[in-house]
Amino acid sequence: MTATRGLEGVVASETSISSIIDDTLTYVGYSIDDLAENASFEEVIYLLWNLKLPTQAELDELKQQLAENMELPKEILESFKTYPIEKVHPMAALRTAVSALALYDEEADAMDKEANMRKAVRLQAKIPAIVAAFARVRKGLEPVAPRKDLGFAANFLYMLKGKEPDDIEVEAFNKALVLHADHELNASTFTARVCVATLSDVYSGVTAAIGALKGPLHGGANEQVMKMLTEIGSIDRVEDYLQEKFMNKEKIMGFGHRVYRKGDPRAKHLKKMSEKLTELTGQREYYDMSVKIEQIVTTEKGIPANVDFYSASVYHCLGIDHDLFTPIFAVSRVSGWLAHILEQYSNNRIIRPRAEYVGPGMQKYIPIENR
Ligand SMILES: CC(=O)SCCNC(=O)CCNC(=O)[C@H](O)C(C)(C)COP(=O)(O)OP(=O)(O)OC[C@H]1O[C@@H](n2cnc3c(N)ncnc32)[C@H](O)[C@@H]1OP(=O)(O)O
Ligand SMILES: O=C([O-])CC(=O)C(=O)O
Numbered sequence: 462m463t464a465t466r467g468l469e470g471v472v473a474s475e476t477s478i479s480s481i482i483d484d485t486l487t488y489v490g491y492s493i494d495d496l497a498e499n500a501s502f503e504e505v506i507y508l509l510w511n512l513k514l515p516t517q518a519e520l521d522e523l524k525q526q527l528a529e530n531m532e533l534p535k536e537i538l539e540s541f542k543t544y545p546i547e548k549v550h551p552m553a554a555l556r557t558a559v560s561a562l563a564l565y566d567e568e569a570d571a572m573d574k575e576a577n578m579r580k581a582v583r584l585q586a587k588i589p590a591i592v593a594a595f596a597r598v599r600k601g602l603e604p605v606a607p608r609k610d611l612g613f614a615a616n617f618l619y620m621l622k623g624k625e626p627d628d629i630e631v632e633a634f635n636k637a638l639v640l641h642a643d644h645e646l647n648a649s650t651f652t653a654r655v656c657v658a659t660l661s662d663v664y665s666g667v668t669a670a671i672g673a674l675k676g677p678l679h680g681g682a683n684e685q686v687m688k689m690l691t692e693i694g695s696i697d698r699v700e701d702y703l704q705e706k707f708m709n710k711e712k713i714m715g716f717g718h719r720v721y722r723k724g725d726p727r728a729k730h731l732k733k734m735s736e737k738l739t740e741l742t743g744q745r746e747y748y749d750m751s752v753k754i755e756q757i758v759t760t761e762k763g764i765p766a767n768v769d770f771y772s773a774s775v776y777h778c779l780g781i782d783h784d785l786f787t788p789i790f791a792v793s794r795v796s797g798w799l800a801h802i803l804e805q806y807s808n809n810r811i812i813r814p815r816a817e818y819v820g821p822g823m824q825k826y827i828p829i830e831n832r
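Numbering follows this note's numbering, with no gaps: position 264 of the sequence shown is 725.
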């Protein structure tokens, strides 16, 4: 038995939800480029959960269900005040709050297909509400109740900022949600599948996935990209900053990928959006710095940008706090986690690989007084 480091190249599951073949990403066979240009995030949620695009009536029903389920249990809102709010990372708060949500869901442990679908709707609806409410409570602001007349992207921005977003903000945020929704067997999705393959409940699977997404090698990279842009500060400092990183053999956040070799097909959409939004908000320097970083990292290291790189300047221009970038990734990716959880339940077998043992050979127990 020989271990494959990081399970590289190991095919651990079948899926009908999304695929990456020759650097092309599809959701249920629809190209990400097509979906990013044309689809609403709610359509993508429906697609991932039902493996088909919705009719208008089906889409309307899902939109209504999501809007009706965004309200949070008052106990969750109250609990934020008990967190050490000045120092807690919103991703840790989200992980705790999602786990706590299960306590207030009478169907939390129900395992039938219909109950799991109802829980999927509730989680998809409540996660943005948690992120937005926590972001406000920690600033001493009151949470803003969701509006039933707004779509998913608009409702999130409304709950976060307390004012109706303009069309361009909604369009950009919707596109970001579509682009982040699913990605085959990435680390957090795999975590969710491993968790629920023990026949644990949906809340456990999503809580585990949030924990995996939090790390800077995965979803946490988008916040680190913004930290890098802020540290660099101006375009004339890019070269020196990167050369020092290269010399110290440090990774450049927002670059590299386990699966893509030529490049991440989602990055070009975010790059375009970054250019538009930095221009519109008078912050073009962030785009120019990002382009220069990309040029240097790709020419000198041959490593292309991933989805996290240009999403950072996009979220910054939408006026979103930098430590909310990864929770926002979760707002989108929970749609994919839920699709994979439902798929895992539908054809379940416990996931239990083997390990190659590299420790000492047989040893004889030595009583503690003789060690
Ligand atoms: C949504 C997402 O999760 S997208 C990924 C987000 N994560 C990041 O942006 C963090 C930075 N990137 C990385 O750490 C990696 O590229 C990962 C985690 C995405 C992929 O990791 P792996 O497939 O294990 O690749 P690995 O880390 O082995 O890299 C292969 C080689 O490229 C180098 N490399 C990979 N990414 C980078 C990077 N961002 N900066 C500099 N060098 C890099 C590695 O140092 C390694 O070089 P070596 O062979 O000389 O040791
Ligand atoms: O697939 C991966 O390893 C990481 C990634 O890009 C994602 O989760 O979107």
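Think of the CB as a built atom: it goes at the ideal place given N, C-alpha and C, for glycine as much as any other residue.
None of the values given here were measured: they were computed from a predicted structure.
Asked	Found
Secondary structure, alpha helix (DSSP H): runs of 4+ residues fully inside the stretch 640-724	648-657, 663-674, 682-693 and 699-708
Start-end ranges of the alpha helix (DSSP H) lying completely within the stretch 746-825, minimum 4 residues	768-778 and 786-807
Within 8 Å, strictly: CB atoms of residue 790 and residue 641	yes
Residue nearest to residue 721 in terms of C-alpha spacing, selected from 509, 765 and 831	765
Unbroken beta strand (DSSP E) run spanning residue 488, endpoints	485-488
Cβ-based burial, residue 736 [other Cβ within 10 Å; buried from 16]	buried
Three-state secondary structure (DSSP) of residue 501	coil
Check: residue 720 C-beta below 7 Å from any heavy atom of ligand 2	yes
Contact test: residue 683 Cβ vs ligand 2 heavy atom, cutoff 7 Å	no
Proximity of residue 771 and residue 731 at Cβ, strictly below 8 Å	yes
Pairwise C-alpha distance: residue 788 and residue 555	7 Å
Length-filtered (4 minimum) alpha helix (DSSP H) runs lying within the stretch 515-597	517-529, 535-541 and 551-562
Closest residue to residue 669 among 609, 613, 795 and 606 (Cα-Cα distance)	795
Run of the beta strand (DSSP E) containing residue 479, from where it starts to where it stops	479-482
Three-state class that DSSP yields for residue 735 in the structure shown	helix
Heavy atom of ligand 2 within 7 Å of residue 730 beta-carbon	no
Test item: CB-CB of residue 621 and residue 593 under 8 Å	yes
Check: residue 471 C-beta below 7 Å from any heavy atom of ligand 2	no
Residues bridged to residue 491 (per DSSP)	488
Cβ neighbour criterion (16 or more within 10 Å) applied to residue 635	buried
Touch test, the stretch 638-656 against the stretch 795-812, Cβ-Cβ under 8 Å, three pairs minimum	yes
Residue 644 beta carbon near ligand 2 (any heavy atom closer than 7 Å)	yes
Near ligand 2: residue 801 beta-carbon under 7 Å from a heavy atom	no
Best match in 616, 645, 690 and 700 for proximity to residue 715 [C-alpha to C-alpha]	690
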